[in-house]
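Our numbering applies: residue 19 is where the sequence shown begins, and numbers increase by one. We put the CB at the ideal spot given by N, CA and C, even for glycine. Working notes for the structure below.
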Amino acid sequence: MKKVLFLFVFLFSVLGAAAKNLQQVIFKVEQMTCVNCEAKVKRNIPYEKGVKNMKTDVENHTVTVTFDADVTNVANLQKGFAKFGYKAEVLQPAAPVKAQKK
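Structure, rendered in structure tokens:
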């Protein structure tokens, strides 16, 4: 029983520590000019490895991506945009995401 309890505690501590290196970057995506373009971004970028959250703003042509820096980086995210023909320029460099209190 102690081994099972230890295993659960260990597993939850590992899972809790896995997403601690979250960073956020803001990209300027000039090709994102309409809701169809926005939909293309929303269909593709969330499936890139390490992406945890994403927010788009068509009016300002920006995409804010929260990602796990232990899994991916800004260059890989830019390659993700390039896969469907969009160029993503860094508008605001990646910065650590502050923990939110519940």
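| Asked | Found |
| --- | --- |
| Other residues of its chain near I63: CB distance less than 8 angstroms, five sequence neighbours each side excluded | V69, M72, V81, V83, L95, G98 and F99 |
| Which listed residue (C52, K46, E77 and Y65) has its alpha carbon closest to that of K101 | Y65 |
| Distance between K116 and Y104 (C-alpha atoms, nearest Å) | 29 angstroms |
| DSSP state of V81 mapped onto helix, strand, coil | strand |
| Sequence-distant residues of the same chain with beta carbon closer than 8 angstroms to M40, five excluded per side | Residue identity check: residue 40 is Leu in the sequence provided, not Met. For L40, where only same-chain residues beyond five positions count, the Cβ hits under 8 angstroms are K70, T84, F85, D86, A87, P114 and V115. |
| Boundaries (first-last residue) of the beta strand (DSSP E) holding E54 | Here residue 54 turns out to be Asn, not Glu, going by the sequence shown. Looking at the DSSP string, N54 is not in any beta strand (DSSP E); the run it does join, the alpha helix (DSSP H), is V53 to N62. |
| Contacts around T44, its chain only, beta-carbon distance under 6 angstroms, and the 5 residues preceding and following it disregarded | Thr is not the amino acid found at residue 44; the sequence shown has Ile there. Closer than 6 angstroms at Cβ, skipping near neighbours: T80, T82, L109 and Q110. |
| Unbroken beta strand (DSSP E) run spanning N71, endpoints | V69 to D75 |
| Residues near N78 in its chain [Cβ-Cβ closer than 7 angstroms; skip 5 each side] | none |
| Member of K46, T90 and Q42 whose CA lies at the smallest distance from the CA of V76 | K46 |
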